[in-house]
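S.K.:
Number of protein chains: 2
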Amino acid sequence: MSKKADMNKGKITRERILGKAAALFNSRGYFGASMSDLMEATGMEKGGIYNHFESKELLALQAFDHAVQTNLEIIMNRVDSREGAVNKLLELTDAFADVVENSPITGGCPLLNSAVESDDAHPVLRERVKVAMSELKDYIERLIDDAVASGEIKLDMPSSDFALIIISTLEGGGMLSRLYGDYGQLQLICKHVKTLVRSQSKV
Amino acid sequence: MSKKADMNKGKITRERILGKAAALFNSRGYFGASMSDLMEATGMEKGGIYNHFESKELLALQAFDHAVQTNLEIIMNRVDSREGAVNKLLELTDAFADVVENSPITGGCPLLNSAVESDDAHPVLRERVKVAMSELKDYIERLIDDAVASGEIKLDMPSSDFALIIISTLEGGGMLSRLYGDYGQLQLICKHVKTLVRSQSKV
């Protein structure tokens, strides 16, 4: 095999490990997923995994980034497909719920999962989660600002506060939905968030 | 020492282990807390802990119950101290936020923490969390029903739906607050929940 083909193969293997590890860590947690779980999920020996990632810690951090980016891309693509700022906010809400339930990265929202696990127990992961959560918050805030700028909604609070309310409600709903294995609970919460958005709506 | 004094001493030691273990598991998670963490937190040898609890698993389950009951008692005592159904709901909201921040069981809401950790990874703990979460939900639902019955609020949805919305929003707010180490975020969410309650208010 040529050197280039070798590099491509390496990159493909690396991506495959990341995808499997992301779902595993997201489902079982950083502390709950063992090296043998990782070996089982990837079908690889420990040495094979370590060829691509120096340590469980580094693999977990990159798997977290991979999980978040996968989900954010799905959400943003759906939001982009809609016209109108309020419609984009409503689509974000539905897309968030869908991703919690149906993302290729199984296990629910990686932001919620890793926030709860890391806040007292894993400072490095926690910093990573803060950055990613702020990325989501800023994104929602921009959608809200656009809706205010276009005159579609009128807020009686700063857009950053409304973004926090939307995230809190959806993340809490995702937690309940996954705890009970009852997606209806998240759909109910989703409907409530959309009512909140529409109640700010001037049109 | 008499047999009775021995039993009392045993009970006190058992309670002390439970309290320390509850805070440890709630902060680091079931999988994140090791036996040596438990030994350090309790200041006891492994054998001493196993004298009172058969296994890490059984200790964790009882520590979870202890954490939830401790917090629910604080919340319910505060709610009981208020007159009027809407005032009780508003007090519940404040008390919940206070408990996430200031409970003797450090680490945030044990319902949220254990729900997120157990949903894909620990079926026995997950069942325990479902029961405890339903206890909180039923309690809030009864407060809402009382407020409807007394004519203080008028709901445009079933009280069980409004209870789910309150829990989702508060739990999500607690997660954000603890992630960022910024209690202001939970206070903001708390204010929003109180606005939701008041917006149903007829008086």
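Chains as they are written, first to last, in the numbering used here: chain Z, 163 to 365; chain C, 163 to 365.
Beta carbons are placed, not taken as given, at the ideal position from N, Cα and C, and that holds for glycine.
Spatial neighbours of C:R340 within its chain, please: CB distance less than 6 Å, with the 5 preceding and 5 following residues excluded, ordered by chain position.
M.R.: For the purposes of this step, residue 340 of chain C is taken as residue 178 along the second sequence, with counting starting at 1. Same-chain partners within the cutoff: G270.
S.K.: Buried or exposed: Z:E333, going by 16 or more other Cβ atoms within 10 Å of its Cβ?
M.R.: For the purposes of this step, residue 333 of chain Z is taken as the residue at position 171 of the first sequence. Buried: at least 16 other Cβ atoms inside 10 Å.
S.K.: Going along the chain, which residues of the region 323-335 of chain Z sit with their C-beta nearer than 8 Å to a C-beta in chain C?
M.R.: Flagged, chain order: D323, L326, I327, I329, S330, T331, L332, E333, G334 and G335.
S.K.: Helix, strand or coil: which one does DSSP assign to Z:S363?
M.R.: Here residue 363 of chain Z is taken as the residue at index 201 of the first sequence, counted from 1. If DSSP states are grouped into helix, strand and coil, Z:S363 belongs with the strands.
S.K.: Along the alpha helix (DSSP H) that carries C:F324, what are the first and last residues, could you check?
M.R.: Your numbering for residue 324 of chain C matches position 162 in the second sequence. Residues S321 to Y342.
S.K.: Assess contact between the region 319-334 of chain Z and the region 322-331 of chain C, defined as three or more Cβ pairs (one per stretch) separated by less than 8 Å. Is contact present?
M.R.: Yes: at least three Cβ pairs fall under 8 Å.
S.K.: Going by DSSP, what residues sit across from C:I315 in a beta bridge?
M.R.: Here residue 315 of chain C refers to the residue found at position 153 when the second sequence is read from its first residue. C:S363, per the DSSP bridge assignment.
S.K.: Ordered along the chain, which non-local residues of its own chain (more than five positions away) have a Cβ less than 7 Å from that of C:K208?
M.R.: In the second sequence, the residue the question calls residue 208 of chain C occupies position 46. Counting only Cβ-Cβ distances below 7 Å, and skipping sequence neighbours, we find M197 and M201.
S.K.: Note down the Cα distance separating C:D260 from Z:M206, rounded to an integer number of angstroms.
M.R.: Along the second sequence, read from residue 1 onward, the residue named residue 260 of chain C stands at position 98. Along the first sequence, read from residue 1 onward, the residue named residue 206 of chain Z stands at position 44. Whole-angstrom Cα-Cα distance: 47 Å.
S.K.: For the alpha helix (DSSP H) holding C:M238, just list the boundary residues, first then last.
M.R.: Working through the second sequence from its first residue, we reach residue 238 of chain C at position 76. Residues K218 to D242.
S.K.: Taking the alpha-carbon of C:G181 as reference, which of C:P266, C:D307, C:I302 and C:A277 has the nearest alpha-carbon?
M.R.: Reading the second sequence from its first residue, position 19 is the one you call residue 181 of chain C. Out of C:P266, C:D307, C:I302 and C:A277, C:P266 has the C-alpha closest to the C-alpha of C:G181.
S.K.: Taking its Cβ as the centre, do 16 or more other Cβ atoms sit within 10 Å of C:T357, making it buried, or is it exposed?
M.R.: In the second sequence, the residue the question calls residue 357 of chain C occupies position 195. Exposed: under 16 other Cβ atoms inside 10 Å.
S.K.: Closer than 7 Å, Cβ to Cβ, to anything on chain C: give me those residues from the region 341-360 of chain Z, in chain order.
M.R.: So the list reads L341, Y342, Q347, L350, I351 and H354, given in the order they occur along the chain.
S.K.: Tell me which residues share the same chain as C:D247 and place their Cβ nearer than 6 Å to its Cβ, disregarding the 5 neighbours each side in the sequence.
M.R.: If you number the second sequence from 1, residue 247 of chain C lands on position 85. Here the sequence assigns Ala to residue 247 of chain C, which means Asp is not the residue at that position. Taken in chain order, the residues that qualify are D308, A309, S312 and E314.
S.K.: Could you check whether Z:G191 and C:G191 sit closer than 8 Å to each other, using their CB atoms as the reference points?
M.R.: Counted from its first residue, the second sequence places residue 191 of chain C at position 29. Counted from its first residue, the first sequence places residue 191 of chain Z at position 29. Contact flag set, yes.
S.K.: Could you tell me how far apart the beta carbons of C:L350 and Z:D300 are, in whole angstroms, since I believe they sit closer than 8 Å?
M.R.: Stepping through the second sequence from its first residue, residue 350 of chain C is reached at position 188. Stepping through the first sequence from its first residue, residue 300 of chain Z is reached at position 138. 17 Å between Cβ atoms; not a contact.
S.K.: Between the C-alpha atoms of Z:G366 and C:G194, what's the straight-line distance to the nearest angstrom?
M.R.: Outside the displayed span of chain Z (163 to 365) sits residue 366 of chain Z, for which this structure offers no information.
S.K.: Consider the Cβ of C:D281: report whether some Cβ of chain Z lies at a distance smaller than 8 Å.
M.R.: Locating residue 281 of chain C in the second sequence gives position 119, counting from the first residue. By this cut-off, C:D281 is an interface position.
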